[in-house]
Amino acid sequence: MENQPIINSHGDGPEETGARRGSPLLARIEASFDELRKSERAVAQFVLAHPNEVLNISIAELAYRVGVSQPTVARFVNALGFTGFKEFKLRLAQSLASGVPYVHRDVGPDDSLEEVAPKVFNRTIGALMSVRNQLDATRLERAVELITRAARMEFYGIGNSGIVATDAQHKFFRFGIPAVAYSDPHTQGMAATLLEEGDVVVAISASGRTPEIIRACELAREAGADVIAITASGSPLARTATVLLAADVPEDPDVYAPMTSRIAHLALIDVLSVSVALASGPELIKRLERTKQTLRDKRIRGFEA
């Protein structure tokens, strides 16, 4: 039996679905769809179905075509984190231009082993390029500023994201900042209430919809701490955060374990750690060199390349 075209809940056909997987911003709009107001969803549906048309019309024309007011369109672009319609169209154009056509070439049951590796690598490369293209330099700078001034750092992640949180703690404790990672939701909630002003939480979640993570971050904010969220744009966790580092990576629902989102999150942690190291100056470099020497002392000598 031949595969039938898939129609999603937004009423889009197979061509639109394939196109948006190649565009970071369209994937971001789809991920944020349920969080939008009803009138804003109508704008989202039009943009998802006709992205190239949107590039060539005014905000007044878009409002007329959708059947909503201009303020509704303005609220839609603001909900996505843009300051205005002009900025939104610019980012949409960049997103459509940088879309990676092979991102959606997932592994199928009939693929040979020779095909598996290239497809997995291509999907991962596409995801990393997508996250790179949507990374906001201003937000990254703000996140680095918060971390360099932090008295304490805590990393929260549950399940697969808990592994990323542990990796992050392993990087940042070497910077001389007291840092811990918690993957248990009960511990996260208790720890968050003990934070103070000047402390920083880095919360990691692929969906941004895990209630326990969101609640822990709310408690952290109430305690006076700042929250850096590595998660999907427009998600409840993103809205809770002081700073959002967006990672809009659609996962294949037929894959049992998330892969691309984890690698994208690890890459963002690396970007943060390298940026913090550069911002911290020569003293940090000396400290890292001392830790590196400790590792060298633990290796068997005589096998250096």
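So in full-length UniProt numbering, the last one in the sequence shown is 305, and the numbering has no gaps at all. We treat Cβ as the ideally placed atom computed from N, Cα and C, and that holds for glycine.
CB of residue i within 7 Å of CB of residue j, strictly
i, j, result
"residue 200", "residue 150", "yes"
"residue 228", "residue 202", "yes"
"residue 155", "residue 165", "yes"
"residue 91", "residue 25", "yes"
"residue 60", "residue 70", "yes"
"residue 247", "residue 230", "yes"
"residue 232", "residue 193", "no"
"residue 234", "residue 87", "no"
"residue 273", "residue 171", "yes"
Nearest to residue i (by Cα), restricted to the options the options
i, options, result
"residue 128", "205, 279 and 271", "271"
"residue 280", "264, 263 and 174", "174"
"residue 191", "274, 153 and 61", "153"
"residue 245", "223, 269 and 262", "269"
"residue 236", "27, 32 and 28", "32"
"residue 238", "81, 126 and 75", "81"
"residue 57", "277, 89 and 110", "89"
"residue 51", "79, 37, 95 and 278", "95"
Per DSSP, the bridge partner or partners of residue i
i, result
"residue 226", "200"
"residue 153", "179 and 200"
"residue 246", "231"
Sequence-distant residues of its chain with Cβ nearer than 8 Å to residue i (five each side left out)
i, result
"residue 105", "At residue 105, the pLDDT of 45 sits below 50, so the modelled position is not reliable; the number obtained from the coordinates is stated separately. Same-chain partners within the cutoff: 119, 122 and 123."
"residue 146", "200, 226, 228, 242 and 243"
"residue 73", "43, 59, 62, 63, 66 and 85"
Contact set for residue i: own chain, Cβ-Cβ below 6 Å, skip 5 residues either direction
i, result
"residue 253", "Confidence at residue 253 is low in this model, with a pLDDT of 46, below 50, so the placement of that residue is unreliable and no value is reported for it."
"residue 181", "155, 165, 166 and 169"
"residue 163", "none"
"residue 188", "156, 182 and 216"
"residue 130", "24"
"residue 19", "Residue placement at residue 19 is flagged as unreliable, the pLDDT there being 43, under the threshold of 50; the coordinate-derived value follows with that caveat. The answer is none, since no qualifying residue turns up."
Beta-carbon proximity list for residue i, same chain, < 7 Å, skipping 5 on both sides
i, result
"residue 158", "183, 185, 210, 212 and 213"
"residue 68", "39, 42 and 43"
"residue 47", "29 and 54"
"residue 260", "123, 124, 127, 249 and 251"
Quick check: the segment 109-122 against the segment 203-211, are there 3 or more CB pairs under 8 Å?
Fewer than three beta-carbon pairs drawn from the segment 109-122 and the segment 203-211 are found closer than 8 Å, and the two stretches are therefore not classed as touching.
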